[in-house]
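Structure record follows, encoded as structure tokens.
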Amino acid sequence: MTSTELDQLCVNTIRTLSIDAVQRANSGHPGLPLGAAPVGYVLFTRIMRYNPADPKWFNRDRLVLSAGHGSMLLYSLLHLTGYDLPLSELQNFRQWGSMTPGHPEYGLAPGVETTTGPLGQGFGNGVGMALAEAHLAARYNRPSYNMIDHTTYGIVSDGDLMEGVASEAASLAGHWRLGKLIYLYDDNRISLAGSTNITFTEDVGRRFEAYGWHVQRVGDANDLAAIESAIRAAQAARDRPSLIMVRSTIGYGSPNKQNTFEVHGSPLGLEEVKLTKQNLGWPVDPPFYIPGEALEHFRAAIDRGRSAQSEWQAKWDAYAREYPELASELQTAIKGDLPAGWDADVPSFSPSDTRGDATSAGKPIATRVASGRVLNAIAAKIPTLIGGSADLNPSTNTALKGMGDFMHPDTPLDGAQGLVGGGVSYAGRNIAFGVREHAMAGIATGMALHGGLIPFAATFLQFSDYMRPAIRLAALSESHVIYVFTHDSVLLGEDGPTHQPVEHYAALRAIPNLLFIRPADPNETAVAWKVAVEHKHGPVALALTRQVVPALDRSKMASAEGLRHGGYVLIDAGGKPDVILIGTGSEVQLCVGAVEELARRGIKARVVSLPCWELFDAQPQDYRDSVLDPMVRRRLAVEIGVAQGWHKYVTEHGDVLSLERFGASAPYQVIAKKLGFTVENVVERAMRLVNR
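The number in the numbering used here is simply the position in the sequence shown, starting from 1, with 382 added.
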């Protein structure tokens, strides 16, 4: 068999495995695997460095299938090249409990680098992976020791390039000149509803050139040599990311459905599978047939991978001898461990003196300001904590002082550099995302999934709406991302209802596997940051105030460490309370303020701070009962957002002081009074419950 014949045999093996799996499931997208199989074949057999026996080898190349609907292309390649993905899992495609869901999910099948499906998300993740590689390489590589040296590849579709998140991420990748980012565009010009001509006639290549990308065109997806040549040229263009536009035929080989939208998202049907196999010169039976010659050729990846990793390991051993401190630091980061003493310098905040100003030590401060101090203290001890904001560092207090800006060192800044100190380079730890919240969130997920970094992303809480799709996927993939959301309520004041979150607490709490933490004061904020750094199996969102709040007097109240349980008794009434006041964020202060007046009226009130529902709900029942005593049925929850979700804590016997409307433009003190978020109103609402 000639090499050309073997190549064709292997490509058709990918195609037929894919359509057999889709047909058996009677569900799926056969069009992309049929058309893009040559692209996947070239990547896995001629281009990428990876080790199927060790899918987590840190210096492997990454492949992001942003066009996640074509998941069978990836699953077929992973099985064929020797990953621990048995043929039975391909035969169980899209079934309950399989490793092969309809769209790739990180953590199920080895070799799946990120959870994709919603179009454009994988594009953003890949940019984050390339950013992580560039940053870690700049920080840890030394002459003769390129310990971090790999490329992020991606397969993207028309749909990916239509989505706005991809445009945001592409703009940033071009600005950052991420030369080790190479995307292959499956340019088949067919979407789920028809030809892309009905919606998408722009010149994609020129758009990406304007972003600063290196753009090439391959006229025929079946031309393996042209694909390989284009990738090699992209590898050589180290000063910018690359887009390779590969003109393909969706559903290639299907005599009646190729180049139609019908083959995009529906099985071919038994008869068309038969005709397609015949058209490709393939045996109709048995299904899932893998020729021995093809399998042997694919499985050569195992030896190649073992050799590449062994060579890297030998170099690592020498690197560790010559640069032991760097190697130890990097190894800690790769393992996802935290350095010893990382939280040793986290500040504590003394009770406020309201006679003073709002910025000096011991005076009321916004929790966003407290967060900034804590973040910088932690970042000084964790060298791989990295992130930034959507053009809002002065407002979100997320600048890492003296730690440099992540940028290509030749970026023209017109005198604007040095805002945080530390210079401009890929080693910088402050990432300027610009006004691109959606891409920021997707990129942060990619950084986390790459490994070796703990990324954070910051903006106003109201703009979490722009990030929600990426946050949801971060939660689904259990990615360790920290979101810093400031301006957390209508009490941000004069900017008005367009910028004032109301429904956002409920919206974010509704996302499974996301910790949403709304600390009550500066000391809870410090503990919240500790929890966020330690929580490795999912994202964490911190909601922080713009307005100042006092540090609670912990000598008279419970320690802020109670936040680790999600909720805790802040002030106990002594004995059985008449009413339990439950608050989050700045509204805890209202509950605290109400206790003394209620006592004067002969009412014993317990105050519970409940900053994180998810952590609280995960506690043992006996602990939860010790905080929210089931025998105390009169409970008042106080939160300046919608009441949705609160009734599981206050039950039918309680009440919620909530906000069921948009906010207003006014000083925050006026807003609070007009909307009833005052100590006096908390007292009156509590009295109504007691006297009911």
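Here a beta-carbon is modelled for each residue, glycine too, at the ideal position from N, C-alpha and C.
As the structure is a prediction and not an experimental result, all values here were calculated from the model.
Reduced DSSP secondary structure (H/G/I, E/B, other) of residue i
i: I684; result: helix
i: Q882; result: coil
i: Y1031; result: helix
i: S577; result: strand
i: E999; result: Note that residue 999 is Asp in the sequence shown, not Glu. Correct three-state label for D999: helix.
i: V1020; result: strand
i: Y887; result: helix
i: G770; result: strand
i: L897; result: strand
i: K639; result: coil
i: V666; result: coil
i: T741; result: For T741, the pLDDT reaches just 38, beneath the cut-off of 50, and the residue's location in the model is therefore unreliable, leaving the point undetermined.
i: V806; result: strand
i: D735; result: Here D735 scores only 46 on pLDDT, less than 50, and its place in the model is too uncertain to base an answer on.
i: V1072; result: helix
i: S549; result: helix
i: S1047; result: coil
Residue i versus residue j - alpha carbon distance
i: W664; j: M383; result: 16 Å
i: S1008; j: F788; result: 47 Å
i: D402; j: N604; result: 21 Å
i: L467; j: P486; result: 13 Å
i: L1041; j: V1014; result: 25 Å
i: D727; j: A759; result: 6 Å
i: V974; j: V1024; result: 21 Å
i: L657; j: S458; result: 21 Å
i: R737; j: E819; result: Unreliable positioning characterises R737 in this predicted model, as indicated by a pLDDT of 35, which lies under 50. The coordinate reading is nonetheless provided below. One C-alpha to the other measures close to 39 Å.
i: E1066; j: S453; result: 58 Å
i: V538; j: P791; result: 29 Å
i: L662; j: G410; result: 21 Å
i: E1034; j: A1046; result: 30 Å
i: L972; j: G957; result: 22 Å
i: Q478; j: Q660; result: The displayed chain sequence assigns Trp, not Gln, to residue 478. Cα-Cα distance, rounded: 32 Å.
i: V547; j: R755; result: 31 Å
i: S742; j: D847; result: Only weak support is given to the placement of S742: the predicted model assigns it a pLDDT of 42, under 50, and the value that follows is read from those uncertain coordinates. If I take the Cα positions, the gap works out to 34 Å.
i: L767; j: P894; result: 24 Å
i: L1010; j: R854; result: 30 Å
i: A748; j: L992; result: 19 Å
i: S730; j: A908; result: 7 Å
i: S753; j: T927; result: 10 Å
i: T631; j: T583; result: 18 Å
Proximity to residue i [Cα-Cα], best of the options
i: V446; options: T463, Y488 and K938; result: Y488
i: H646; options: G633, E654 and A940; result: G633
i: H832; options: G510, L890, P649 and G967; result: G510
i: S448; options: V806, P500, V756 and K1056; result: P500
i: N579; options: T927, I716, A1054 and G541; result: G541
i: R521; options: I953, L1057, L563 and M785; result: M785
i: M849; options: H947, A419 and A889; result: A889
i: V348; options: T827, D773 and E495; result: An answer regarding residue 348 cannot be provided, because it is not within the stretch 383 to 1074 covered by the chain.
i: V866; options: F845, E885 and P879; result: F845
i: F842; options: L574, T778, F590 and L460; result: T778
i: P1049; options: D877, V1061 and E515; result: D877
i: L1057; options: E707, R444, G875 and Q598; result: G875
Extent of the continuous alpha helix (DSSP H) to which residue i belongs
i: I760; result: T749 to A761
i: L657; result: L652 to N661
i: S409; result: Neither: S409 is in no alpha helix (DSSP H) and is coded neither H nor E.
i: V586; result: V586 to Y593
i: S777; result: N775 to T778
i: Y1050; result: Y1050 to K1056
i: I632; result: From DSSP, I632 is part of no alpha helix (DSSP H); its letter is neither H nor E.
i: A709; result: P706 to K717
i: N1083; result: No answer is possible for residue 1083: the residues shown for the chain start at 383 and end at 1074.
i: Q617; result: L606 to A618
Opening and closing residue of the beta strand (DSSP E) in which residue i lies
i: R988; result: A987 to S991
i: Y865; result: I864 to T868
i: Q598; result: H596 to V600
i: N812; result: N812 to A814
i: M627; result: S624 to R629
i: L1039; result: D1037 to L1039
i: R444; result: R444 to L447
i: L566; result: L563 to D569
is_contact[residue i, chain B] using C-beta, thresh 8 Å
i: S549; result: Of the protein chains in the structure, only one exists, and it is not chain B.
> Whole alpha helix (DSSP H) runs in the region 450 to 536 with 4 or more residues, listed along the chain?
Replying inline: 453 to 462, 469 to 473 and 503 to 522
>> At 3 residues or longer, what runs of the beta strand (DSSP E) sit wholly inside the region 835 to 859?
In response: 836 to 842
> Counting only runs that start and end within the region 911 to 983, where is the beta strand (DSSP E) found for 3 or more residues in a row?
Replying inline: 922 to 925, 950 to 953 and 961 to 965
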